[in-house]
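Input: a single structure, listed below in structure tokens.
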Amino acid sequence: MIVKALRVGLGQLIVFGDWISRPAKRKRDAAAQARVEQAASGLALYQFHACPFCVKTRRTLHRLNVPVALRDAKNDPQHRQALLEGGGRVKVPCLRIEEEGKVSWMYESKAIIAYLDKRFASV
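Taking the numbering used here, I'd label the letters of the sequence shown as residues 3 to 125.
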């Protein structure tokens, strides 16, 4: 009981810290932002709200100004099941990437962040 309370409290502290120190969004002209939004339409991030690695990944999405669907794999049984069936395990963060009719699942925040930087930093 005490451990759970500490975990929840620490999680909320992490979320609050992210909120007050969030980086500025990348500014793009309307055409470039439309291209980013189109490219991001096939992405979805499976995450837990207070997970530090998920927060780190969401900060990158915010910094790059990439709108990605966020899927709560902790509190939404349908998203949790989709993550388990598609990715093979319930581990977050996990980026679901749908391109050219193919779906892939990318785990590990460092790999996801590197992918997002490579794909969207120069747009």
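For glycine and all other residues, C-beta sits at the position ideal for the given N, C-alpha and C.
What are the boundary residues of the beta strand (DSSP E) that residue i is part of?
i   : result
E87 : Looking at the DSSP string, E87 is not in any beta strand (DSSP E); the run it does join, the alpha helix (DSSP H), is P79 to G89.
R24 : Run containing R24: none; DSSP gives neither H nor E here.
A46 : L45 to Q49
According to DSSP, is residue i part of a helix, a strand, or is it coil?
i   : result
K58 : helix
D2  : Shown here, the chain extends from 3 to 125; a query on residue 2 therefore has no answer.
Report yes if the C-beta distance between residue i and residue j is below 8 Å; otherwise report no.
i   : j   : result
H64 : R24 : yes
L85 : A71 : no
D20 : R73 : no
Smallest Cα separation from residue i: which of the options?
i   : options               : result
L47 : V125, L12 and L118    : L118
N67 : A36, H81, C96 and L12 : A36
Rounded to a whole number of angstroms, what is the C-alpha to C-alpha distance between residue i and residue j?
i   : j   : result
F50 : A26 : 23 Å
R2  : G11 : Residue 2 is absent from the structure shown; the chain starts at 3 and stops at 125.
Can you tell me where the alpha helix (DSSP H) holding residue i begins and where it ends?
i    : result
E39  : A32 to A42
R121 : S111 to F122
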